[in-house]
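K.L.:
Got a structure for you, written out below as structure tokens; questions coming shortly.
In the numbering used here, the protein residues as written are 23 to 461.
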């Protein structure tokens, strides 16, 4: 099939490349000329394992192309995916200005029957709004359908998630369009759920809100464990063995970030408010997550009440491993609090250093590797659980630190081991280990 994917972020670029890999003719469109030029040269605008290989292969074999011409993409395609950003507004809702721009372009350029798919995460009713925009502004008398087909990929495993989905949701009010999308998705060999558009739009928000709630829930349990002497890892294992709960998303830590969970939880709360309902559970999820991001510095201040003039190492800047995405990453809150307290920050991340420099400029020192970040610092804060940070030479770490103070925001190490090595070690929801002499 001939597809146009508008937007070359995580959703658009990965989706376009994967559809091309299945034999479709795909045109990816973006207004960013530099990004499109880079893609044609094999330069990826995002870090995602396996993405460059699949993009390069399909660009070279002619299944995948890149352009800044949305008109071309619309005219040469039968199916148009809207995969543009829908960031939070100041009120917490979704900014649909990019979606509106694409819809108006479809209206202007439509030259045959088209299926327009909302792949972006959008509030309930957006499909109706897009349909009205195209109908009211189209310049030629051609039919079209608007469908909701939400994505469920995870940054860091987006290619695998796209090619091996748990399910495919097709929200359509037209049987003809639904049948075409059945055919488009048949090679994925995943169960397909057909719904109306409203339900499909709600499914995406509901799924992310539920997963985010599990994370905030276990973080609340972790905070109680710290006060009672219980071990959150054992608690999570015990409740996760209940098949009704499962062990997924029950790992405590310093909070969630990224492009989806923070934005989507705020958006569903905003949608509920617009319809006269106070969504207390997810409102609390959002609040807990914001507070959780501040727990690392609170623990640090228990050992170093005065941070003025101290140098603190921060390992991990992206919101999760295997991505360079720092949108709403816990590291941003941690570093901001450290700087406000007068500390100097030495930071390192395997992938997200360029992104960090865009955010923090020269306010922090950027190390060449983990050990350079740790050397001659007064404490180590581990924020993102990159594999290399889970396999540090701990004896070397202790030698490099001015004080053996290790604050682990992802529970990468066992307290017993850290006690044996002589660290003062704080984690999340587990007993604190105190070094006999921190120097």
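For each residue, glycine too, the CB sits at the ideal point set by N, CA and C.
In terms of residue numbering, what span does the alpha helix (DSSP H) encompassing residue 8 cover?
P.N.:
This structure cannot settle anything about residue 8, because the visible part of the chain is limited to 23 through 461.
K.L.:
Please identify the residue among 116, 410, 73 and 449 whose C-alpha is closest to the C-alpha of residue 285.
P.N.:
For the purposes of this step, residue 285 is taken as the residue at position 263 of the chain shown. Considering only alpha carbons, the answer is 116.
K.L.:
Kindly indicate which three-state DSSP category residue 439 falls into: helix, strand or coil?
P.N.:
In the chain shown, counting from the first residue as 1, residue 439 sits at position 417. The answer is helix: DSSP assigns residue 439 an H, G or I state.
K.L.:
Please report how far the alpha carbon of residue 23 lies from the alpha carbon of residue 170, in whole angstroms.
P.N.:
Mapped onto the chain shown, residue 23 falls at position 1. Mapped onto the chain shown, residue 170 falls at position 148. So the two alpha carbons sit approximately 18 Å from each other.
K.L.:
Opposite residue 163 in the DSSP bridges: which residues?
P.N.:
Within the chain shown, numbered from 1, the residue matching residue 163 stands at position 141. Per DSSP, none; premise fails for residue 163.
K.L.:
Is it buried or exposed for residue 208, if we count other Cβ within 10 angstroms and need 16 for buried?
P.N.:
As a working note, residue 208 is residue 186 in the chain shown. Exposed: under 16 other Cβ atoms inside 10 Å.
K.L.:
Please report the straight-line C-alpha distance between residue 296 and residue 122, rounded to a whole angstrom.
P.N.:
For the purposes of this step, residue 296 is taken as residue 274 along the chain shown, with counting starting at 1. For the purposes of this step, residue 122 is taken as residue 100 along the chain shown, with counting starting at 1. Taking the straight line joining both Cα atoms gives about 20 Å.
K.L.:
Would you list the residues sitting across from residue 430 in a DSSP beta bridge?
P.N.:
Reading the chain shown from its first residue, position 408 is the one you call residue 430. For residue 430, which the question treats as bridged, DSSP gives the partners 404.
K.L.:
For residue 223, collect the residues of the same chain with a Cβ closer than 8 Å to its Cβ; drop the 5 residues on either side in sequence, then sort them by chain order.
P.N.:
For the purposes of this step, residue 223 is taken as the residue at position 201 of the chain shown. The residues are 140, 144, 145, 146, 147, 148, 149, 170, 172 and 193.
K.L.:
Around the Cβ of residue 459, are there at least 16 other Cβ atoms within 10 angstroms (buried) or fewer (exposed)?
P.N.:
Here the question's residue 459 lines up with position 437 in the chain shown. Only weak support exists for where residue 459 lies, its pLDDT of 49 falling under 50; the coordinates are left without a value.
K.L.:
Which of the three DSSP states, helix, strand or coil, is assigned to residue 366?
P.N.:
The sequence position of residue 366 within the chain shown is 344, counting from 1. In this structure, residue 366 counts as strand in the three-state DSSP scheme.
K.L.:
Taking residue 81 as part of the alpha helix (DSSP H), name the residues at either end of that continuous run.
P.N.:
The residue you call residue 81 lines up with position 59 of the chain shown. Residue 81 -> alpha helix (DSSP H) spans 73–82.
K.L.:
Grab the span of the alpha helix (DSSP H) containing residue 102 for me, first residue to last.
P.N.:
Walking along the chain shown from the start, residue 102 turns up at place 80. Looking at the DSSP string, residue 102 is not in any alpha helix (DSSP H); the run it does join, the beta strand (DSSP E), is 101–104.
K.L.:
Tell me, please, whether the stretch 204–220 touches the stretch 259–267 by the rule of three or more beta-carbon pairs shorter than 8 Å.
P.N.:
Too few Cβ pairs lie closer than 8 Å, so no.
K.L.:
Where does residue 329 fall in DSSP's three states?
P.N.:
Residue mapping note: residue 329 aligns to position 307 of the chain shown, counting from 1. It is coil, neither helix nor strand.
K.L.:
First and last residue of the alpha helix (DSSP H) that includes residue 201?
P.N.:
Looking up residue 201 in the chain shown gives position 179. Element bounds for residue 201: 197–207.
K.L.:
On the criterion of 16 or more Cβ atoms from any shown chain inside 10 Å, does residue 461 qualify as buried, or is it exposed?
P.N.:
Translated into positions along the chain shown, residue 461 becomes position 439. Here residue 461 scores only 42 on pLDDT, less than 50, and its place in the model should not be relied on; the value that follows carries that caveat. Result: exposed.
K.L.:
Any chance the stretch 359–379 sits against the stretch 277–294, with 3 or more Cβ pairs inside 8 Å?
P.N.:
no
K.L.:
Return the CA-CA distance between residue 454 and residue 186, expressed in angstroms with no decimal places.
P.N.:
For the purposes of this step, residue 454 is taken as residue 432 along the chain shown, with counting starting at 1. For the purposes of this step, residue 186 is taken as residue 164 along the chain shown, with counting starting at 1. About 41 Å.
K.L.:
Assign residue 321 to one of three DSSP states: helix, strand, or coil.
P.N.:
Walking along the chain shown from the start, residue 321 turns up at place 299. Residue state, collapsed to three classes: helix.
K.L.:
Are at least three pairs of beta-carbons, each pair with one atom in the stretch 124–139 and one in the stretch 81–89, less than 8 Å apart?
P.N.:
no
K.L.:
Can you tell which of 165, 298, 432 and 336 has its C-alpha closest to the C-alpha of residue 401?
P.N.:
Working through the chain shown from its first residue, we reach residue 401 at position 379. When each option's Cα is compared against that of residue 401, the closest is 336.
K.L.:
What are the boundary residues of the alpha helix (DSSP H) that includes residue 285?
P.N.:
Taking the first residue of the chain shown as 1, we reach residue 285 at position 263. 283–296 is the span of the alpha helix (DSSP H), which, as asked, contains residue 285.
K.L.:
To test your reading of the DSSP string, which unbroken beta strand (DSSP E) runs of 3 or more residues are found completely within the stretch 125–149?
P.N.:
Counting only runs of 3 or more, we get 136–140.
K.L.:
For residue 180 and residue 299, which I take to be in contact (beta-carbon distance under 8 Å), what is that distance rounded to the nearest angstrom?
P.N.:
For the purposes of this step, residue 180 is taken as residue 158 along the chain shown, with counting starting at 1. For the purposes of this step, residue 299 is taken as residue 277 along the chain shown, with counting starting at 1. At roughly 32 Å, the Cβ-Cβ gap does not stay under 8 Å, so residue 180 and residue 299 are not in contact.
K.L.:
When burial is assigned at 16 or more other CB atoms within 10 Å of the CB, is residue 34 buried or exposed?
P.N.:
Position 12 of the chain shown, counting from 1, holds the residue named residue 34. Around the CB of residue 34, 16 or more other CB atoms lie within 10 Å, so the residue is classed as buried.
K.L.:
With distance defined between alpha-carbon atoms, name the residue in 421, 405 and 441 nearest to residue 433.
P.N.:
Residue mapping note: residue 433 aligns to position 411 of the chain shown, counting from 1. Cα-wise, what sits closest to residue 433 is 405.
K.L.:
Quick check: the Cα distance between residue 58 and residue 127, rounded to an integer number of angstroms?
P.N.:
Within the chain shown, residue 58 is the residue found at index 36, counting from 1. Within the chain shown, residue 127 is the residue found at index 105, counting from 1. Cα-Cα distance, rounded: 19 Å.
K.L.:
Under 8 Å between the Cβ atoms of residue 457 and residue 437?
P.N.:
As a first step, residue 457 must be located in the chain shown, where it is residue number 435. As a first step, residue 437 must be located in the chain shown, where it is residue number 415. The criterion of a C-beta distance shorter than 8 Å is not satisfied by residue 457 and residue 437.
K.L.:
Out of 443, 61, 326 and 133, state which residue places its alpha-carbon closest to the alpha-carbon of residue 163.
P.N.:
Working through the chain shown from its first residue, we reach residue 163 at position 141. Ranking the options by Cα distance to residue 163, first place goes to 133.
K.L.:
Grab the span of the alpha helix (DSSP H) containing residue 40 for me, first residue to last.
P.N.:
Here residue 40 corresponds to residue number 18 of the chain shown, with the count starting at 1. Segment 32–43, the alpha helix (DSSP H) holding residue 40.
K.L.:
In this structure, how does DSSP classify residue 179 when only helix, strand and coil are distinguished?
P.N.:
Counted from its first residue, the chain shown places residue 179 at position 157. Looking at residue 179 - three-state DSSP - the assignment turns out to be coil, as it is neither helix nor strand.
K.L.:
Verify whether the separation of the beta carbon atoms of residue 129 and residue 97 is less than 8 Å.
P.N.:
For the purposes of this step, residue 129 is taken as the residue at position 107 of the chain shown. For the purposes of this step, residue 97 is taken as the residue at position 75 of the chain shown. Not in contact: residue 129 and residue 97 (Cβ atoms no closer than 8 Å).
K.L.:
Taking the alpha helix (DSSP H) that residue 47 belongs to, which residues open and close that run?
P.N.:
On the chain shown, residue 47 is found 25 positions in, with the first residue counted as 1. First-last for residue 47: 47–51, but that is the beta strand (DSSP E), not the alpha helix (DSSP H).
K.L.:
Exposed or buried, residue 215, counting other C-beta atoms within 10 Å across all chains shown (16 or more means buried)?
P.N.:
Along the chain shown, one-based indexing puts residue 215 at 193. Per the 10 Å Cβ criterion, exposed.
K.L.:
My guess is that residue 25 and residue 48 are in contact by the Cβ rule of under 8 Å, so how many angstroms apart are they, rounded?
P.N.:
The residue you call residue 25 lines up with position 3 of the chain shown. The residue you call residue 48 lines up with position 26 of the chain shown. Confirmed, Cβ separation roughly 5 Å.
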